[in-house]
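**Student:** No gaps in the numbering here: position 12 of the sequence shown is 473 in our numbering, and each next residue is one more. Heads up, the beta-carbon is just placed ideally off N, CA and C, and yes, glycines get one too.
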Amino acid sequence: MEFCPKCGAVLIQKRKNFGCARCNYSSKDKIKISTSEKISEKSEIGVVTGKDTETLPVVAEKCKKCGNEKAYFWTVQTRSGDEAETKFFKCTKCENICREYR
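1) With which residues is Thr547 paired in a DSSP beta bridge?
2) For the region 499 to 510 against the region 519 to 533, do three or more pairs of beta-carbon atoms, one drawn from each stretch, fall closer than 8 Å, so that the two count as touching?
3) Determine the direct distance from the alpha carbon of Leu472 to that of Cys465, and round the result to whole angstroms.
4) Got a sec, what are the start and stop residues for the beta strand (DSSP E) Ala521 sits in?
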C-alpha cells in the first residue's frame, strides 16, 4: 500500500497510474500493491450440559424433603414492587424446590 507524499492519503488506482483522491497527486511510477492475511486455527467451543449449568450460589438451607443441608438460592419479585421479594431454594441433592415469603 502506498501513501500520497503530499497529504498522506492512500493512493488509489486511476486509469493508467495511481493517484491521490484528495489532492489529485498522481504517481508516475508503477506501484505494486499486495495484501496478505494471516489466519490462525480456531479452538473448539466448549459445550455446557446437564448439572454443569447450575451457576446459582449455594447456601446452608435444610431440605424439607430429604434433609440435605445445602441448597441453591435465588430471588424473584413475584408480587408488587413495594412488597418483599420471594426467596427460592433448590436442594443440591434431590432438586426439590421450595419458596419463602416474607
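**Tutor:** Walking through what the data contain:
1) The partner list for Thr547 (beta bridge, DSSP) reads Val537.
2) Here the region 499 to 510 does not lie against the region 519 to 533, with fewer than 3 beta-carbon pairs under 8 Å apart.
3) Roughly 6 Å between the two C-alpha positions.
4) First-last of the beta strand (DSSP E) with Ala521: 519 to 521.
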